[in-house]
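FYI, numbering that gives the first Met the number 0 numbers position 107 of the sequence shown as 106, with every residue one higher than the one before it.
Take a look at the structure below.
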Amino acid sequence: MRVIRIDTSAATILLTEAPAPKVRDRQTGEIAKDAVSGEALMTVGVVFIDEGDSSLIQVTIPESGVTDGLTVGAPVSLPGLIARPWESVFNGQQRHGIAYRATAIAPGAFQMAQAG
């Protein structure tokens with residue numbers, strides 16, 4: 000599937016849910032791992048605000064990419080943010096969506112309004 004790189008340079012990204020382990024199997028509690036490195040994965044909830052539009056999204060991050068100093072409601076940065084469309088069939092029903100992934104999450108800063 001295609002990977003779409005997301006330009007975050009002009010966006011404001013606010014943390015809405017603290018980092019938590021990404022669960023691969025809800026019945027067993029198995030934590031999801033990166034297919035290449037084997038590293039445990041985390042998810043965070045953020046609101047992505049760009050050009051007056053906002054979206055609530057869940058972003059997957061490797062555990063080593065979660066930095067200290069994160070505060071719910073505060074701005075964050077998501078270096079290497081990508082979107083990957085997906086689709087699958089579950090119990091005979093077609094499902095689809097967009098999965099978001101970043102290499103890290105760190106405290107960020109509010110974007111300054113452009114004088115105009």
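Just so it is clear, CB atoms sit at the ideal spot from N, CA and C, and this is done for glycine as well.
| Query | Result |
| --- | --- |
| Compute the distance between the beta-carbons of LEU80 and ILE5, then report whether it is under 8 Å. | yes |
| Can you say whether ALA114 is buried or exposed, counting buried as having 16 or more other CB atoms within 10 angstroms of its CB? | Bear in mind that the predicted position of ALA114 carries a pLDDT of just 44, short of 50, making it unreliable; the figure below should be weighed with that in mind. Exposed: under 16 other Cβ atoms inside 10 Å. |
| Is the Cβ-Cβ distance between ALA103 and THR66 less than 8 Å? | yes |
| Should the segment 81-96 be called in touch with the segment 32-47, which here means at least 3 C-beta pairs below 8 Å? | no |
| Exposed or buried, which one is LEU14 when buried takes at least 16 other CB atoms within 10 Å? | buried |
| What residue ranges within the segment 30-103 form continuous beta strand (DSSP E) runs of no fewer than 3 residues, ordered along the chain? | 40-49, 52-61, 81-89 and 92-100 |
| Could you tell me the distance, in whole angstroms, from the CA atom of GLU50 to the CA atom of THR59? | 24 Å |
| In whole angstroms, give me the CA-to-CA distance for ALA17 and ARG1. | 28 Å |
| Please classify VAL71 as buried or exposed, where buried requires at least 16 neighbouring CB atoms within 10 angstroms. | exposed |
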